[in-house]
Amino acid sequence: MSQNKRYWSGLDELHGTEEFKAIQGQEFPGVQSVDEFLSDDRLESTHTGRRDFLKFMGFSLTAATLAACETPVIKSIPYTNKPEEVTPGVANYYASTFYNGQDYGQVLVKTREGRPIFIKSNALTGEGKVGVRVNASVMGLYDSARLNGPRKGGQPTDWATIDADVQAALAAGGRKVVLTHSVASPSLNRAISLFCAATGAEHVQYDAISYSGMRKANVADYGRDMVPTFALDRAEAIVTIGADFLGTWGDVAVQTTAWSKGRQPENGKMSSLHAFESVMTLTGSNADRRNMIKPSEAGRVALALLNGLTGGGNNGDLSESAAAGIAPAVAALKAAGSKGLVVAGSNDPNVQLIVNACNRALGAYGTTVDLENAWVLGRGNDEAFAALVADMAAGKVGTLLIHGVNPAYTSTAFATALGKVKASISTSLFADETASRCTHIAPDHHWLESWGDAQRTTKRVDWVQPTISPLFDSRAAGSSFLTWANNPETDWYTFLRQTWNPNYTADQLYTDAAWNSSLHDGFMALESEGLPVSFEGAGSGLAAAKQAVMATKGGAFELAFYQKNTIGQGDQTANPMLQETPDPLTKITWDNYVTMAKSDMDAMGLNTYIGQEKPASVVRVTVGGQSVEMPAMLLPGQKPGTIGIALGYGRGANGEEVGKAAFQMAENGDFLRDANSALVPVGTNAFPLLGSASGLPQYEQLNVAVEATGATYALASTQIHSTDMGRDSIVKETTFGAYFAERKAAKGSASWNKLIRIGVHEDVNGDGVINAQDSKPTAAFDLWHEHPVEEVGHRWGMTIDLTTCTGCSACVTACHIENNVPVVGKDEVRRHRDMHWMRIDRFFASDYSLERGEEEGVGAIGSYRRMEDPAENPQTVHMPMMCQHCNHAPCETVCPVAATTHSNEGLNQMTYNRCIGTRYCANNCPYKVRRFNWFNYPGYKKFMNFNPSQDNLTRMVLNPDVTVRSRGVMEKCSMCVQRIQEGKLNAKKAGTKVPDGAVVTACAEACPTNAIQFGDLNDKQSHVAAVSENNRAYHALEEIGVQPNIFYMTKVRNTESTEA
Amino acid sequence: MQREAAIREPLILGNKSYKDITDDVVGPIQGPAPIGWKIMITISAIIAVYGVGSILYLLGTGIGVWGLNKTVGWSWDITNFVWWVGIGHAGTLISAVLLLFRQKWRMAINRSAEAMTIFAVIMAATFPGIHMGRIWVSYWVLPLPNQFGSLWVNFNSPLLWDVFAISTYFSVSLVFWYIGLIPDFATIRDRMVKPLPKKIYGILAFGWSGRAKHWTRFEEVSLVLAGIATPLVFSVHSIVSMDFATSVIPGWHTTIFPPYFVSGAVFSGFAMVQTLLLIMRKGMKLENYIHVKHVEYMNIVIIVTGSIVGVAYLTELFISWYSGVEYESYAFINRFSGPYSWSYWIMMTCNVISPQLFWFKKIRRSLIATFILSIVVNIGMWFERYVIIVTSIHRDYNPSSWGEFHPSSMDVGIFIGTLGIFFTLFLGFARFFPVLALNELKTILKSSGEAYKKQHDNH
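Residue numbers (the numbering used here), protein chains in the order written: chain A, 411 to 1470; chain B, 39 to 497.
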């Protein structure tokens, strides 16, 4: 049946009107096509009406305006297939190992969306926590000065050319040498051995900081070329002669943690630390007794200790300050017996021989000195290096492969001789001092990009695993060596696996459960029996050593070289985070300088006070024929007649591309240029000034001249005032004896930590009269309604133990990297505008006080003036200081817009979006922990060359969980609120309470001595709640009544007195 | 008619008629601008433009262009703010308090003193605005209903009290000043020949006709506004002082601040009035209206308020010692013996010693000495605020954070700039506004005019 239904679109169609018929065939009825319109003859005679004209104009104008408003284009590429292990917003952690020739640390690398952004210690190892230099090293991955591929003659090239050139060079004549730092990686050692075997090359190891003196002494005494490890946690008395074992000497990460274990007063005993040193180091500042010596006296101090331990003998000449320290040190060592320990930083084998004798006299071998479980690093062979340099200068070296070391920076002779080597290949990541002088650069991966293994001692191997694909066209150095050796296996990962499992094949890539679990842990225990040690020859060289140290004499001025805790030997000089972390003792950023004693500076008329507009005086230091001009800086505790210069500065002195932050900036943010328009490096390289004795570099010069030049140089300090002005409610300290006597006292009642009470006009004690005995604790006073923080929900808090805080600053860098704290550069730091959320206040003791002023009749004004000056050899306090998260916060009441408020979890929280920047909160903060964004740090030109936010690559290190603050807002410690939030969310998902330890702030996590503890004070089971109830716990500036959530623990010194 | 004792010095010198008063005040507005005025306004305007440029640079770059730092978060900005607010106080005191106390001598000076108040408050209000890190959200200090969630201002914050205090003060002062100007604008309107100025002054005069009804209302409104303005004289600077007094910082946390700040404000305000009027009476030939007697009266106010300020300084010192509080006592020891003691001693010399010279009648009645001392007092009062702000916070509780403050060129430039803007405005006022309350002056001509007083004596 046919369809007879009809559909129509409208009545027009149904009725078939004329109008409908006219438009029926047209697709767009009523619209004239452009061609039709233009071909219309009547077009000439038409006109546009005023209203139409205005409409068109209006439209065009609006359209043009809108088109001009450029929407920011954000290039983000979504995952097409989501990688199994990456969830946006959730961090992954990978165990890895850091080693750069100086520092060694087992770490966990935090990655977010595939980017490594944070480095913390691998707690599974149970051995030490990494320090400031290691956790800041993540910045180096994103250094935009890194080479983006191989170089030949300074020009980009490809790997095939490099390989061909190296093969050609190896085929040519001349000595072939592989020059590396002390190789920590067994696989790399194997690769280098294969290379040497295949090509006839020799392997020379060279370290910027030499431990040869100690190794030679151990060869002489025990027949073993090694550096022992020290069990500082077992030591009861430690004497250090210039060995900065908490800062830069030896295996710092392990030593710091171990030392702190013996420094817990709650255990009823504390180890004692006696330091003899010229420049005050971190270790010296933590010593219970610190004695100033001249560098030339180091050997005689060791000898005096030995004589003291063994019963007499000639000590030779000792200065008064050195001699005074001998008897207490000997007494402490004798009391400790085999749990005593003597270490020395000297690189003179004679000094180390005497130190060995001391330790033998104590019976320390086997208890505090571990020869069997030796430190496998510090193996640099200075004689082989010297021979190599001589051969290079003589043109005898045909091919030189350099890995992991930068000798052109540390040795002028090497830099000169390098030009005479026919083919020199560096695996450096940067065109640094050495690499830029090499014929070829074959850049290695950054350690965060590479596979590897590493060994600190013989008992364990630690894994290095990549956390990101190589950013640039680099190649693992091991792979390069294998390629050049024409080894059948050149894949570095396979080679690495084969080192530990000769039967490894690619099909075991994922199936080796043992490997997988050890990779997860970051290490694998090794079956290793310590090598036997023979004591038979011990002491044979002692007599000669005694004679040698007796004969050591110094001139009018002696120079001690030291390393700063932040910069170390200098391979991270271009790390802006480290440069801006103040030296723990001088609090100077972005520079090295000549440290001097006040008496010497006064005698030369040098400025001893560094202020914003008070630059340092420049002195000329002449060593042999060489002289350098550097600013002079007062460092209390410097032995008069000695000066100190930090190594590790002055990188890129010839404009080498070692990283932007290695160079000084002008005030407008451009690079500073000298008269020859060359870049000016930060600081001065002191390596060329090093002394030398029997082929070993010596970290002292015994006869130098120092003279004032009259010039000045601005230094940037984060703390310009040295003493605590007798304000003992900020720092509370006591002696171990006093602590022990009252160790059971209730909190607030011990004489060394009395609760502060404020007198009130009411009869509190009920004795019927109102008098001075009527008082209440500060917590009883409240202007406002109580914040409901006690016993309600969480109350996040922190405890900081001043006894174990060494001032190492690991918390500072950890905090700043975690929280995207801006780097503001030297000029802004000089203007007291550092942005540090976490700082370590360093107080030197003054030998003056109001009481003494009263006795001497100088009055309050005179006393206060004198109290501003530290003592000549002061006791030191390192006090971490950050927002105290006051429950009665003065900052909160004064903000007109309520941008800073109290959370019901006890946090003083800062709402950046709401802040209008009146800075009233900062003025009203008694602790001065608030920091204001004076400029637009992520965009203003002044900061373009060092602020991580302003570099397209370095920006990758920013923590995506923390906002980058804008100009004009206040910021401060948030107690890592992003971590608290994460911990709470995880607990919520798991349906549990937040377990103690699940949330930890960056600073607490980084603290190598666990001096900083974080947790929930309302959780009575938590560690931090228990510590806050300890009788050493107090609030800084308690009498103001701001009731912080941060508790400090009274500092206990293992001394007789806490006087300066 | 009111009779005044013959022994009182006349307030209007010379043989003035009502017409003379009108001529003396309106004449300069009608005539061409004198060359001296042109020179002065050119200089002021150049400085003002420099100041505005500096402010724009500050706003474009960040607060970092000032010399402030992590320890010293306020310095010249808030010093200038408090200084300018203080200067404003004289105008209100003269026009309101002296009105209530029926002090006729105020009539010669109240108009320009009020103008000074308005301009000084404008300058003062500039600083809290530009000292903010993010001035573009400065309106958040107003309790406006908003859609940012339930965001509200913090009524605990003295800075918020400041917002209310200053804005109230400014609006009341402006209204008060303008009401007083209305009859005088009408007089100018009536005398103007050129149509455009006549039109403008006509609009400004609000249709004033001089009827008795208008005069009655005028008197009533003036009295009511004087009643409102009088507490403001005391409240505004009390509240400004609470910016400091409610803090925990030693040297700021002081209960003496409100009365001490108010007397300091009146002290500096009168000094500024002296500075301005001594120039103006010379430049505009108003010697017969503003003469030695007026100057002497004002100098007496300066002695009284200056002495109150001096006592306050000494009280602070005493209390800091008597309190036995370590931080408090150090704050004051540091004030007079620390790195910024020079500013303390400038303050002490200018504010405590110099006004005591006015006990000598010769000095009190010397115009030159008054002019010099008026400037000295204002220098001293600027340093008073600088001392309170900078020396207190540069060394407060924690010695590790003790710092320094060094002003930058922008600190100086913006302060000088506000002086330029202020003088530009004031010179504009002197040129186009009736600088004396001429209609009010006429009410005392017959009782206090020199010629009339002589006539009375002859009777």
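The beta-carbon is built from N, C-alpha and C at its ideal position, and this holds for glycine as well.
Asked, Found
"For residue 411 of chain A and residue 434 of chain A, what's the separation of their Cα atoms in angstroms?", "Bear in mind that a pLDDT of 49 at residue 411 of chain A, under 50, signals an unreliable position, so the number given afterwards is only what the model happens to contain. Spanning the two alpha carbons is a distance of roughly 29 Å."
"Can you check which of these residues, B/444, B/349, B/482 and B/463, is closest to residue 159 of chain B by C-alpha distance?", "B/463"
"So is residue 181 of chain B in contact with chain A if we call contact Cβ pairs under 8 Å?", "no"
"Of the residues that make up the segment 364–386 of chain B, which ones have a beta carbon closer than 7 Å to any beta carbon in chain A?", "364, 368, 371 and 375"
"Just the chain A side, please: which residues come within less than 7 Å of residue 107 of chain B by C-beta, in chain order?", "1241, 1242 and 1243"
"Need the endpoints of the alpha helix (DSSP H) that residue 819 of chain A sits in, please.", "817–820"
"Are there any heavy atoms of the ligand PLP lying less than 7 Å away from the beta-carbon of residue 1239 of chain A, as far as the coordinates show?", "Looking for the ligand PLP in the displayed structure turns up nothing, as the structure carries no ligands at all."
"Against residue 1077 of chain A, what residues of chain B qualify as contacts under a CB-to-CB distance less than 8 Å, listed in chain order?", "Near residue 1077 of chain A there are no residues of chain B at all, since even the closest Cβ is about 11 Å away, more than 8 Å."
"Could you give the C-beta distance for residue 680 of chain A and residue 1146 of chain A, rounded to a whole number, given that I count them as a contact under 8 Å?", "5 Å"
"The segment 1437–1464 of chain A: which residues have C-beta closer than 7 Å to a C-beta of chain B, in chain order?", "1447 and 1450"
"Does the count of Cβ pairs from the segment 1071–1085 of chain A and the segment 1026–1045 of chain A closer than 8 Å reach three?", "no"
"Output the distance between the C-alpha atoms of residue 494 of chain A and residue 524 of chain A, rounded to the nearest integer angstrom.", "12 Å"
"Since residue 774 of chain A contacts residue 751 of chain A with CB under 8 Å, what's their CB separation in whole angstroms?", "5 Å"
"Does the structure place the segment 973–980 of chain A close enough to the segment 515–534 of chain A that three or more beta carbon pairs sit under 8 Å?", "no"
"Quick one: what's got a C-beta closer than 7 Å to residue 1165 of chain A's C-beta in the same chain, skipping five residues either side?", "1158 and 1187"
"If you run the structure through DSSP and keep just helix, strand and coil, what is residue 1115 of chain A?", "strand"
"Which one of B/162, B/300 and B/127 has the shortest CA to CA distance from residue 453 of chain B?", "B/162"
"When we look at the beta-carbon of residue 838 of chain A and count the other beta-carbons within 10 Å, is it buried (16 or more) or exposed?", "buried"
"Excluding the five sequence neighbours on either side, which residues of its own chain have a C-beta within less than 6 Å of the C-beta of residue 809 of chain A, listed in chain order?", "579, 580, 586 and 833"
"Report buried or exposed for residue 1295 of chain A, applying the criterion of at least 16 other Cβ atoms within 10 angstroms of its Cβ.", "buried"
"Could you have a look at residue 1210 of chain A and say whether DSSP puts it in helix, strand or coil?", "strand"
"At what residues does the alpha helix (DSSP H) containing residue 793 of chain A begin and finish?", "792–803"
"Could you tell me the boundaries of the alpha helix (DSSP H) in which residue 235 of chain B lies?", "233–242"
"With a threshold of 16 other CB atoms inside 10 Å of the CB of residue 140 of chain B, please say whether the residue is buried or exposed.", "exposed"
"How would you call residue 53 of chain B, buried or exposed, if buried means at least 16 neighbouring beta carbons within 10 angstroms?", "exposed"
"Taking the alpha carbon of residue 243 of chain B as the reference point, which residue from B/222, B/285, B/477 and B/165 has its own alpha carbon closest?", "B/222"
"Which residue marks the beginning of the beta strand (DSSP E) containing residue 972 of chain A, and which one marks its end?", "967–973"
"Are the segment 64–76 of chain B and the segment 436–451 of chain B touching by the rule of at least three beta carbon pairs closer than 8 Å?", "no"
"To which residues of the same chain is residue 42 of chain B closer than 8 Å at the C-beta, ignoring the five residues directly before and after it?", "485, 486 and 491"
"Closer than 8 Å by C-beta to residue 263 of chain B: which residues in its own chain qualify, once you throw out the five before and the five after it? Chain order, please.", "134, 210, 213, 214 and 217"
"Who are the near neighbours of residue 1431 of chain A in its chain, counting only those whose CB is closer than 7 Å to its CB and skipping five residues on each side?", "1406"
"Give the interface partners of residue 99 of chain B over in chain A, defined as CB-CB distance under 8 Å, in chain order.", "1345 and 1350"
"Do you know offhand how far residue 697 of chain A's Cα is from residue 968 of chain A's?", "23 Å"
"May I ask you to report which of helix, strand or coil DSSP gives residue 411 of chain A?", "At residue 411 of chain A, the pLDDT of 49 sits below 50, so the modelled position is not reliable; the number obtained from the coordinates is stated separately. Coil."
"Would residue 653 of chain A pass as a contact of residue 701 of chain A if the rule is Cβ separation under 8 Å?", "no"
"Hey, quick one: how far does the beta strand (DSSP E) through residue 1030 of chain A stretch, first residue to last?", "1026–1033"
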